[in-house]
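Asker: Each residue of the sequence shown is one higher than the last, beginning at 1 in the working numbering.
Quick one: the structure is below, questions incoming.
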Amino acid sequence: MDRLDYAQGVVMARVYEKKLLDRARLDKMIDAKDADEAFKILMDTDYAKSADGVSGVGDYELLLKNETARAFKAGSEMLGGDKRILEILSLKYDYHNLKTMVKAKVSGKDMDDLFIYSSDNRPDKIKLQFESGHFTDTKSEFTNALREAEAKYTDTLDPQMIDIVMDRAYYNHLSIIAKSLDIDLFNDYVGASIDFYNISSMLRAVKMGKSTNFLNEILVDGGGISVNKLISLSREEFDRLALTLKSEKIGRSLVECIDDYKASGCSLTVVDSMKDVYLSRLNSDSRFIPFGPEPIFAYLVAKEKEISMIRLILVGKLNKISSAKLRERLGDI
């Protein structure tokens with residue numbers, strides 16, 4: 001990899017970074033008298049460029065889907081010919097689309113409005129090939145996941161199996177991409193993502209009284225913590241689990257959230273929030289690298305976080321949640 005190949009992309013990323021919403025703008029949205037006013041504040045920003053088909057705050061999900069597509073189109077331009085770096089972020093939307101296709105097919109429902117267009121892997125095109133049973137130019141990873149998920153559902157009639165198959169396929173695919181790039185940031189990012197996914201999935205399964213066999217089915221290899229180690233700790237209380245894993249890369253972050261996890265009544269939202277914090281920390285220094293793909297990746301991660309915060313604010317305003325409660329949910333923005 002020639003880092004100078006990304007010089008122009010890094011310059012573009014610096015420009016886009018300056019357009020990210022600052023704390024003052026987000027505060028203004030939070031303090032707006034209602035959802036309509038918060039939406040108007042947002043429409044005074046670059047988000048207006050993603051308002052095609054949007055008539056008001058009730059269409060916030062369409063707006064944010066459009067903005068996601070716009071951001072990833074810009075990311076593709078910044079990264080040039082090698083799409084693997086963009087895939088580390090866009091692949092989750094691809095697998096969301098694949099899940100949607102299988103669920104639509106087995107239920108007989110039209111779910112096309114749930115598709116997210118974030119890459120060259122157009123879901124409308126893949127859907128037609130999936131329904132016909134004849135794949136031409138669809139990635140083999142996608143075709144295998146679609147076929148396996150449909151087969152699992154046919155055998156079990158359990159919709160959860162679609163999610164399980166797709167999640168495993170997604171993280172395995174993600175791990176392959178990171179290894180092929182062989183860049184520390186991306187290996188660490190993907191490894192940590194898998195670790196947090198495994199821990200959250202394990203905690204959820206144990207709460208539901210699931211067996212060890214079920215854990216073996218849902219947990220994914222490729223993280224820093226082995227699946228066998230996690231299963232051996234699956235019946236421990238969270239504080240014991242976190243302290244046992246404190247020497248792992250994500251260990252300190254797990255220990256940091258012990259008190260909040262207990263105080264929340266063992267809510268998995270605490271672990272998911274810590275995942276976001278950890279991944280943000282990984283990217284924090286990347287913005288200052290002069291040449292290479294890392295600053296572009298850091299911008300895209302920041303953009304995704306911004307979109308998530310806007311969704312939380314708009315949903316909160318629509319549900320008449322207080323400004324104080326919204327700030328609490330957003331945490332350190």
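Note that CB positions come from ideal geometry on N, CA and C, so glycine has one too.
From a predicted model like this one, the values you see are computed outputs, not experimental measurements.
Judging by CA-CA distance, which residue of Asn228, Gly209, Glu237, Asp167 is the nearest neighbour of Ile218?
Answerer: If you number the sequence shown from 1, residue 218 lands on position 218. Per the C-alpha coordinates, the member of Asn228, Gly209, Glu237, Asp167 positioned closest to Ile218 is Asp167.
Asker: Hey, could you find the ends of the alpha helix (DSSP H) Leu42 is sitting in?
Answerer: Translated into the one-based positions of the sequence shown, residue 42 becomes position 42. From DSSP, the alpha helix (DSSP H) with Leu42 extends over 35-42.
Asker: Pick from Arg3, Val15, Leu20, Ala32: whose alpha carbon is nearest that of Leu335?
Answerer: There is simply no residue 335 to check, as the chain begins at 1 and stops at 333 in what is shown.
Asker: With burial defined as no fewer than 16 other Cβ atoms inside 10 Å of the residue's Cβ, what is the status of Ile296: buried or exposed?
Answerer: Here residue 296 corresponds to residue number 296 of the sequence shown, with the count starting at 1. Buried is the call here.
Asker: Might you give, ordered along the chain, the residues of its own chain that have their beta carbon closer than 6 Å to the beta carbon of Asn187, omitting 5 neighbours on each side?
Answerer: Counted from its first residue, the sequence shown places residue 187 at position 187. Result list for Asn187: Ala178, in chain order.
Asker: How big is the Cα-Cα spacing for Asn213 and Met29?
Answerer: The residue given as residue 213 occupies position 213 in the sequence shown. The residue given as residue 29 occupies position 29 in the sequence shown. Approximately 47 Å, taken between the alpha carbons.
Asker: Can you give the Cα-Cα distance for Met111 and Lys18, rounded to whole angstroms?
Answerer: Along the sequence shown, read from residue 1 onward, the residue named residue 111 stands at position 111. Along the sequence shown, read from residue 1 onward, the residue named residue 18 stands at position 18. Straight-line Cα distance between these residues: approximately 36 Å.
Asker: Does DSSP put Glu237 in a helix, a strand or coil?
Answerer: Position 237 of the sequence shown, counted from the start, is the residue given in the question as residue 237. Coil, per DSSP.
Asker: Are Ser90 and Ser119 close, meaning C-beta to C-beta below 8 Å?
Answerer: Stepping through the sequence shown from its first residue, residue 90 is reached at position 90. Stepping through the sequence shown from its first residue, residue 119 is reached at position 119. Taking 8 Å as the Cβ cut-off, Ser90 and Ser119 qualify as a contacting pair.
Asker: Out of curiosity, what's the CA-to-CA distance linking Tyr336 and Tyr261?
Answerer: Any answer about residue 336 is impossible in this case: the structure gives the chain only from 1 up to 333.
Asker: Spatial neighbours of Asp34 within its chain, please: C-beta separation below 7 Å, excluding the five flanking residues on both sides.
Answerer: In the sequence shown, counting from the first residue as 1, residue 34 sits at position 34. Same-chain partners within the cutoff: Lys317.
Asker: What residue range is occupied by the uninterrupted alpha helix (DSSP H) comprising Asn144?
Answerer: One-based indexing of the sequence shown puts residue 144 at position 144. Counting along the chain, the alpha helix (DSSP H) containing Asn144 begins and ends at 140-156.
Asker: Given Pro290, which residues of its chain have a CB within under 8 Å of its CB, disregarding the five upstream and five downstream residues?
Answerer: As a working mapping, residue 290 is identified with position 290 in the sequence shown. Once the five neighbours on either side are set aside, the close Cβ partners of Pro290 are Val10.
Asker: Should Glu236 be labelled buried (16 or more other beta-carbon atoms within 10 Å of its own) or exposed?
Answerer: In the sequence shown, counting from the first residue as 1, residue 236 sits at position 236. The residue is exposed, with fewer than 16 neighbouring Cβ atoms inside 10 Å.
Asker: Taking only three categories from DSSP, how would you classify Lys303?
Answerer: For the purposes of this step, residue 303 is taken as residue 303 along the sequence shown, with counting starting at 1. Reduced to three states, the DSSP call for Lys303 is helix.
Asker: Taking the CB atoms as reference points, tell me whether Val255 and Ser264 lie closer together than 8 Å.
Answerer: For the purposes of this step, residue 255 is taken as the residue at position 255 of the sequence shown. For the purposes of this step, residue 264 is taken as the residue at position 264 of the sequence shown. Contact flag unset, no.
Asker: Measure the CB-CB distance between Gly133 and Ser175 and report whether it falls below 8 Å.
Answerer: By 1-based counting over the sequence shown, the position of residue 133 is 133. By 1-based counting over the sequence shown, the position of residue 175 is 175. Cβ distance not < 8 Å, so Gly133 and Ser175 don't count as in contact.
Asker: Run through DSSP, which three-state label would Leu86 get?
Answerer: Translated into the one-based positions of the sequence shown, residue 86 becomes position 86. It is helical.
Asker: For a test of the three-state rule: what should DSSP assign to Glu217, helix, strand or coil?
Answerer: Translated into the one-based positions of the sequence shown, residue 217 becomes position 217. Helix at Glu217.
Asker: Rounded to whole angstroms, what's the CA-CA distance from Ala38 to Leu314? Just pull it up for me.
Answerer: For the purposes of this step, residue 38 is taken as the residue at position 38 of the sequence shown. For the purposes of this step, residue 314 is taken as the residue at position 314 of the sequence shown. C-alpha of Ala38 to C-alpha of Leu314: approximately 7 Å in a straight line.
Asker: By Cβ distance below 7 Å, which residues in the same chain neighbour Leu157 in space, the five residues on each side in sequence not counted?
Answerer: Start at 1 with the first residue of the sequence shown, and residue 157 comes out as number 157. None.
Asker: Please identify the residue among Gly292, Lys320, Leu203 whose C-alpha is closest to the C-alpha of Ile183.
Answerer: Here residue 183 refers to the residue found at position 183 of the sequence shown. Of Gly292, Lys320, Leu203, the residue nearest in Cα terms is Gly292.
Asker: For Asn121 and Thr136, I'd like the C-alpha separation in whole angstroms.
Answerer: Taking the sequence shown and counting its residues from 1, one reaches residue 121 at position 121. Taking the sequence shown and counting its residues from 1, one reaches residue 136 at position 136. Each residue's alpha carbon lies about 13 Å from the other.
Asker: Counting along the chain, where does the alpha helix (DSSP H) carrying Lys179 start and finish?
Answerer: As a first step, residue 179 is located in the sequence shown; it is residue number 179 there, counting from the start. Element bounds for Lys179: 160-181.
Asker: Starting from Val57 and walking both ways along the alpha helix (DSSP H), at which residues does that stretch end?
Answerer: What you label residue 57 is simply residue 57 of the sequence shown in a count that begins at 1. Counting along the chain, Val57 falls outside any alpha helix (DSSP H), and DSSP gives it neither H nor E.
Asker: The alpha helix (DSSP H) that contains Ser280, what's its start and end?
Answerer: For the purposes of this step, residue 280 is taken as residue 280 along the sequence shown, with counting starting at 1. Under the DSSP assignment, Ser280 falls in the alpha helix (DSSP H) whose first and last residues are 268-284.
Asker: Within its chain, find whatever has a CB closer than 8 Å to the CB of Met43; leave out the 5 residues flanking it on each side and keep chain order.
Answerer: Mapped onto the sequence shown, residue 43 falls at position 43. Only Ala51 meet the Cβ criterion.
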